[in-house]
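Per the numbering used here, the sequence shown starts with residue 48, numbered consecutively.
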Amino acid sequence: LDFFLFCRTYFKIIADSESKCRSECVEVGVFPIVRVHVKSKTVHAGICVNETNGKIKARIYPFYCEKKVGKWKPDEKDREGIVAFSKPCPTATTYSERVIGTCP
48 LDFFLFCRTY FKIIADSESK CRSECVEVGV FPIVRVHVKS KTVHAGICVN
98 ETNGKIKARI YPFYCEKKVG KWKPDEKDRE GIVAFSKPCP TATTYSERVI
148 GTCP
């Protein structure tokens, strides 16, 4: 879980300082970010969704955001695609409806 916390902290610093891509706009208080890749014009994030049965505990779904726009979209071109994970997701950060309501 330390790696998850590192990714989330790193992502918040990058998103706040270099782009309009805000973590709360993709997490929406439900799906925590567990991986981040920053490129020159985009930010790519893996969003964790818990599974309810079987050996797979969670799946990581790729999303991307153009830094100048700030709107998150599913990343259909991600090389890894949707990835199964053997551990459940970390707890998502809770955001107020007011904050989420300001997302593009």
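For glycine and all other residues, C-beta sits at the position ideal for the given N, C-alpha and C.
Cα-Cα separation between residue i and residue j, rounded to whole angstroms
i      : j      : result
ILE107 : VAL130 : 5 Å
SER133 : THR141 : 24 Å
THR99  : THR89  : 32 Å
CYS112 : ALA105 : 22 Å
GLU127 : GLY76  : 24 Å
VAL85  : SER70  : 13 Å
ILE103 : ASN97  : 9 Å
PHE78  : LYS115 : 23 Å
VAL83  : GLY101 : 27 Å
PRO137 : CYS72  : 17 Å
First and last residue of the uninterrupted alpha helix (DSSP H) at residue i
i      : result
ILE147 : 144 to 147
GLU74  : 71 to 74
Environment of residue i [buried if 16+ CB atoms lie within 10 Å]
i      : result
GLY93  : buried
GLU74  : buried
SER87  : exposed
PRO151 : exposed
Range of the contiguous beta strand (DSSP E) that encloses residue i
i      : result
PRO109 : 105 to 113
ASN97  : 89 to 97
ARG32  : In the structure as shown, the chain starts at 48 and stops at 151, and residue 32 therefore has no counterpart that could be examined.
VAL83  : 80 to 85
LYS120 : 119 to 121
Given 8 Å, three or more beta-carbon pairs between the stretch 118 to 127 and the stretch 140 to 147: Verdict: no, contact absent.
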